[in-house]
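Residue numbers (my numbering), protein chains in the order written: chain R, 5 to 241; chain D, 159 to 467.
Ideal placement from N, C-alpha and C gives every residue a C-beta, glycine not left out.
One structure is given below, encoded as structure tokens.
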């Protein structure tokens, strides 16, 4: 049984169909990517999964349907979304942002241990823990957003464009962390425009185009696919 | 000099009451970007309920110490107002959560009128006197008079505001409130039940309003079904002056507005050669509101400029 199973997911904004009935699955422990151009419907798909966007179709998580379940309860069940643009709370401090990540948890001792772990992953956050999050650089904000998601001890981590707008060195750092988190056993669905990176770190991938999934398979195969190479990896045929 | 100190003291007393009411406006605005115009009426209900309870207690046990009688009134008024605030949010605003912004605003104005009329039906149109229960006592400070009641109002307001500040800054609920105010969607992603946080905001604001309502009726010695209207508008002006949505701003704005009003009332006669008298006191709050909206729409401590009134 897959940890996440999406079947026939459809999302529309007014008359515009952003997601046209897609199927995708993520097994426990996998790192799966969803790549595609800007506006293909990747972010909408993630928002649909966590219930932030009204949708039709079925989303099953850990065997149970999420139909009608409010976002805060989906989050409490172990699904953490790091939204596009990071979604940090700009007027809370770094430490307060991280505390918000652990909002639903009652195991205070374990929360403190996880906080140490996050500060260990991102020493920069430790240095800046009393600073207002809005004053952090883009890369630091991305670290904070990922760290905050980890504070919920997620079973399923949904990452929306973690490389967006970051300097290459920072992208590398963020991706190293994503791989480390995956190795620690967190299941990840990674949405990226940067197909090259996403296919390199993931084991399987889906290619999304104008609201539909057009290709899927092992990441190595996708990376070798001439169509993918032409459309997303910047190679001419 | 005497007048200055006296009016400064009077202004601080009035201002601390405005601040308590202004906090209710600003907390709700911070989270919902809604101006809850019914908030003034919640304050009025606080005064009315407390007076009703005081009347009953005096009838049953006329020999009880005055302070205890007033305390009984306050302790009933607070939960009643909390329930009222909760119901207002649940019944009037929540169904409109995703409606265009004008709908909840009009609803707020309508609700304010409904609550006034409910109060009129229950308690009548006449002014209700606040019985002289609190221990009298006056002190001389720099040539001005300060009463026990004035000291009591200022001290209690400060304590309530410190408590609120601690709640917002240090507790889990307070952090969730601030997070929800900054992004409702992301707060949900953290597992925050945004509806509960919004309800809690109304309930807390209403508790402050209840306290303020009893204070203002004790201070002026009377209560009236219409008293919430002007008080609400002034507190709203105070919240805008401090920067609506900003909690420290509401405290500062309330105190400042009280002082401006009292000093204005104290000196307007001299300044206009007796042409305008101190009954123009109420004009100052709105004069300040207009000035703030023209020159600094984000208020003294506000960060963002409001895009819509």
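Of the candidates 269(D), 235(D), 224(D), 199(D), the residue whose Cα lies closest to the Cα of residue 210(D) is 235(D). Just so you know, the alpha carbons of residue 174(D) and residue 166(D) end up roughly 12 Å apart. Taking 8 Å as the cut-off, the beta carbon of residue 407(D) is found closer than this to the beta carbon of residue 184(D).
For secondary structure counted as the beta strand (DSSP E) over 3 or more consecutive residues, the region 277-344 of chain D holds these complete runs in sequence order: 296-299, 302-305. Taking 8 Å as the CB threshold, residue 23(R) stays off the interface with chain D. Shown here, residue 458(D) sits in coil according to DSSP, grouped into three states, outside any helix or strand.
The beta-bridge partner set that DSSP reports for residue 65(R) consists of 8(R), 68(R). Residue contact check for residue 411(D) against chain R: no CB pair falls below 8 Å. At least one C-beta of chain R is nearer than 8 Å to the C-beta of residue 340(D).
Under a criterion of Cβ atoms nearer than 7 Å, the residues of chain R adjacent to residue 348(D) are, in order, 79, 104, 105, 107. Proximity to residue 139(R) across 159(R), 101(R), 108(R), 105(R) peaks at 101(R), based on C-alpha coordinates. Inter-segment contact for the region 355-371 of chain D and the region 195-202 of chain D is present: three or more beta-carbon pairs are separated by less than 8 Å. Under DSSP, residue 14(R) shares a beta bridge with 24(R), 60(R).
Residue 165(R) and residue 91(R) have their C-alpha atoms some 12 Å from each other. Scanning its chain for C-beta atoms nearer than 7 Å, with the 5 sequence neighbours on each side dropped, one finds around residue 195(R) the residues 38, 46, 47, 50, 163, 164, 165, in chain order. Closest option to residue 237(R), judged by alpha-carbon separation, among 200(R), 218(R), 207(R): 200(R). Residues 334, 335, 338 of the same chain have their beta carbon placed closer than 6 Å to that of residue 355(D), with the five preceding and five following residues left out of the count.
Residue ranges of uninterrupted alpha helix (DSSP H) with 4 or more members, entirely inside the region 362-423 of chain D and ordered along the chain, are 385-400. By alpha-carbon distance to residue 183(R), the top candidate from 23(R), 19(R), 34(R), 29(R) is 34(R). Residue 48(R) has a beta carbon lying at 8 Å or more from every beta carbon in chain D.
Nearest CB-CB separation between residue 85(R) and chain D: below the 8 Å threshold. Residues of the same chain with a CB within less than 7 Å of the CB of residue 73(R), apart from the 5 flanking positions on each side, are 55 in chain order. Interface residue (Cβ-Cβ distance to chain R less than 8 Å): residue 336(D) is classified as such. One thing to note: residue 213(R) has its Cβ within 8 Å of the Cβ of residue 44(R). Apart from the 5 residues on each side of it in sequence, residue 389(D) sits with its Cβ closer than 7 Å to the Cβ of 179, 198, 201, 374 in its chain, given in chain order.
Using beta-carbon distances, residue 208(R) does not count as an interface residue toward chain D, since no partner is under 8 Å. Annotation for residue 208(R): the continuous beta strand (DSSP E) segment containing it runs 208-213.
Sorting 132(R), 169(R), 158(R), 129(R) by C-alpha distance to the C-alpha of residue 142(R) places 169(R) at the top. Listed along chain R is no residue with a C-beta nearer than 7 Å to that of residue 208(D); the closest approach is about 36 Å.
Residue contact check for residue 127(R) against chain D: no CB pair falls below 8 Å. Using a Cβ-Cβ cut-off of 8 Å, residue 256(D) is close to nothing in chain R; its nearest Cβ partner there is about 11 Å away. Here residue 216(R) is bridged, per DSSP, to 213(R). Cβ contact annotation for residue 285(D) (same chain, cutoff 8 Å, sequence separation greater than five): 380, 381, 382, in chain order. Spanning the alpha carbons of residue 300(D) and residue 168(D) requires a straight line of approximately 14 Å. Taken through DSSP and simplified to helix, strand or coil, residue 118(R) comes out as helix.
The DSSP-derived three-state label of residue 199(R) is helix.
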